[in-house]
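Asker: Going letter by letter, the sequence shown gives residues 1 to 409 in the UniProt record's numbering. All C-beta atoms, glycine included, are put in the ideal place defined by N, C-alpha and C.
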Amino acid sequence: MSAESIATIARYTGVNAGKATGSPIKIGFVNADAQELVVAVDEVVRAVNDTLGGVRGHPLQLVKCVVTSADQATKCAQTFADDPAMVAVVQGTIDADVTAFHTILAPKLPVLGGLPLALADAAAPNSYYLSSGQFGGLGAVTFAKQYSKARRVAVLSPGGSPANELAVATLELAFKAVDIDVTVARFPMDATDLTQAVTASQAANADLLIPAIGIPQHCVSLSNTLQKMAVYTPVLTFAGCLGADVRKTLGDYPRWNYLGFSVSAEASSTDDATAWQVRAFNEWFRPLENRSVTRNGGVQIFQTVLALVKILASIPGDTFIPAVVGNAMKRFGGPVYLGVPRLSFGAVPGQPAIGSLDSRVYVYLGNDTWRDTTGGQWLSPPNPNQRQGQGQGQGQGQTGGPTQSQSTR
């Protein structure tokens, strides 16, 4: 890494650069059986230990555990909890029931994660997530109200997923609370043609189409269906549609708006500090581009590990024990590297592990070109007591709203 990138990261973590040669700090890492985040976490930990000074000279020692089921999640948690040298656990992406996982770890080890996907994540004591993940979709309501000026919204969702049903039901209530009409249509999980669902959602007559999708098959099917039906309604979806499989099948990403929980490492930034962080990340990430690591996955792991280093480095002396580390995580108020500027754990009712519900939206213009749709503003969930026509502060004064800047398929 260049001296400029090393200095940028050091300014964030508060750790002097160099090789970490002290006693190691043992950290568990749990993730689904997918190599993307495993490759990324290995590389960022290598950079932290070899170049970025570790944690005031202490290298991170990673113990990895793979999860594809609730039983495996439970076994991983028990293994970590039984290790007297373990200090904390970093959670990647787990698509399994994590209730027992959190029950075992909560009294023993703190968990730091980037992307909460389950209610058990959000409600877990002694767990701390740097983004809102599954629970941050309400930023779509603020986007629809403030930027799209939408009166009618169409929502598409695959049926049969409890997580999706929860997210869609929450969106439906939130849209109605701000006087936006919403029509929801569901389609079978294995669908390859979404014509019936698009028609049922009344997408052609809506001001905004929100597909609650995140797997390549659904993203490709929707893009093809919208083209076939000549439906040009602006689309706002989630970063799951930015995978390599989508691009390979379609030839490029769909030209939609994408809601995410980090600053895009592919869009330009007018903020100098953010621009330097983007440059440093991209320099670190460049060798991973040919190793099946998506940029979104890279950002998630990069920011989580750097936040861990920043949190550990804030602890006086070398008191790296679970209780002290957990308290430091709880006090961590941000900023997150390429993430939200502020965190407040315990501020979201019923979801103490969620530090922020804010999100960002970027529009893809084609040919690897992106634009920040919201002009550098983070989108907070709408206040349900406010009605159409009343300002919400976030994003006011923005010119050239998404209706002008969007490109659709």
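#1: Roughly how many whole angstroms lie between the Cα atoms of residue 179 and residue 365?
#2: Would you give the residue range spanned by the beta strand (DSSP E) that residue 370 belongs to?
#3: How about the region 310-321 and the region 95-106: do they share at least three Cβ pairs that are nearer than 8 Å?
#4: Quick one: residues in its chain with C-beta nearer than 7 Å to the C-beta of residue 310, no 5 flanking neighbours on either side, listed in chain order?
#5: Measure how close the beta-carbons of residue 61 and residue 6 come, nearest whole angstrom, since I'm counting them as under 8 Å.
#6: Using 8 Å for Cβ pairs, my map puts residue 336 next to residue 303. What's the rounded Cβ distance?
#7: Specify the secondary structure class of residue 108 as computed by DSSP and reduced to three states.
#8: Using the three-state DSSP reduction, which class does residue 387 fall into: helix, strand or coil?
#9: Could you tell me the distance, in whole angstroms, from the CA atom of residue 230 to the CA atom of residue 313?
#10: What is the C-beta distance between residue 39 and residue 291, in whole angstroms, given that I count them as a contact (C-beta under 8 Å)?
#11: Taking the continuous beta strand (DSSP E) assigned at residue 79, which residues delimit it?
#12: Helix, strand or coil for residue 19, going by three-state DSSP, please let me know.
#13: Are the CB atoms of residue 274 and residue 225 within a distance shorter than 8 Å?
#14: Can you tell me whether residue 145 is buried or exposed? The criterion is at least 16 other CB atoms within 10 Å of its CB, across all chains shown.
#15: Quick one: give me the first and last residue of the beta strand (DSSP E) that residue 366 is part of.
#16: On the three-state DSSP scale, how would you describe residue 314?
#17: Let's test the definition: count the other Cβ atoms within 10 Å of the Cβ of residue 388 and tell me whether it reaches 16, buried, or not, exposed.
#18: Can you tell which of 10, 296, 8, 358 has the C-alpha that lies nearest to the C-alpha of residue 36?
#19: Considering only their Cβ atoms, is the gap separating residue 216 from residue 237 smaller than 8 Å?
#20: Tell me residue 195's beta-bridge partners as DSSP assigns them.
#21: Kindly give me the distance between the Cβ atoms of residue 106 and residue 125, rounded to whole angstroms, as I take these residues to be in contact under 8 Å.
#22: If you draw a straight line from the alpha carbon of residue 20 to that of residue 108, how long is it in whole angstroms?
#23: From the DSSP output, which residues share a beta bridge with residue 257?
#24: Do you know how far the Cα of residue 159 is from the Cα of residue 208?
#25: Can you check the region 193-227 for any alpha helix (DSSP H) of at least 4 residues that lies completely inside it and give the ranges in chain order?
#26: Can you say whether residue 385 is buried or exposed, counting buried as having 16 or more other CB atoms within 10 angstroms of its CB?
#27: Consult DSSP for residue 88 and reduce its assignment to one of helix, strand or coil.
#28: Could you tell me the alpha carbon to alpha carbon distance between residue 251 and residue 369, rounded to whole angstroms?
#29: Exposed or buried, residue 27, counting other C-beta atoms within 10 Å across all chains shown (16 or more means buried)?
#30: Determine the direct distance from the alpha carbon of residue 57 to that of residue 18, and round the result to whole angstroms.
#31: What does residue 95 pair with, by DSSP beta-bridge criteria?
#32: Evaluate the contact criterion for the region 346-358 versus the region 119-139: three or more CB pairs, one atom per stretch, below 8 Å.
#33: Taking only runs that begin and end inside the region 294-344, name each unbroken alpha helix (DSSP H) of 4 or more residues, in chain order.
#34: In or out: residue 9 buried (at least 16 other Cβ within 10 Å) or exposed?
#35: Where does residue 188 sit, in a helix, a strand or coil, going by DSSP?
#36: Going by C-alpha distance, which of 120, 349, 330, 157 is nearest residue 203?
Answerer: So, to answer that:
#1: 30 Å
#2: 369-372
#3: no
#4: 12, 13, 14
#5: Not confirmed; about 22 Å, so no contact.
#6: 5 Å
#7: coil
#8: Bear in mind that the predicted position of residue 387 carries a pLDDT of just 40, short of 50, making it too unreliable to give a figure here.
#9: 54 Å
#10: 5 Å
#11: Where residue 79 is concerned, there is no enclosing beta strand (DSSP E), although the alpha helix (DSSP H) it sits in stretches over 70-81.
#12: Coil at residue 19, not helix or strand.
#13: Using a Cβ distance threshold of 8 Å, residue 225 and residue 274 do not count as a contacting pair.
#14: buried
#15: Start and end: 360-366.
#16: Reduced to three states, the DSSP call for residue 314 is coil.
#17: For residue 388, the predicted model reports a pLDDT of 37, less than 50, meaning its position is unreliable; a value from the coordinates is still stated below. Under this definition residue 388 is an exposed residue.
#18: 296
#19: no
#20: DSSP lists no partner for residue 195.
#21: Between residue 125 and residue 106 the Cβ distance is about 5 Å, and since that is below 8 Å, they are a contact.
#22: 27 Å
#23: 236, 363
#24: The straight-line gap from Cα to Cα measures roughly 21 Å.
#25: 195-200
#26: At residue 385, the pLDDT of 48 sits below 50, so the modelled position is not reliable and the matter cannot be decided from this model.
#27: strand
#28: 14 Å
#29: buried
#30: Taking the straight line joining both Cα atoms gives about 8 Å.
#31: DSSP lists no partner for residue 95.
#32: A contact exists between the region 346-358 and the region 119-139.
#33: 295-313, 322-331
#34: buried
#35: Assignment of residue 188 by DSSP, reduced to helix, strand and coil, places it in the coil class.
#36: 157
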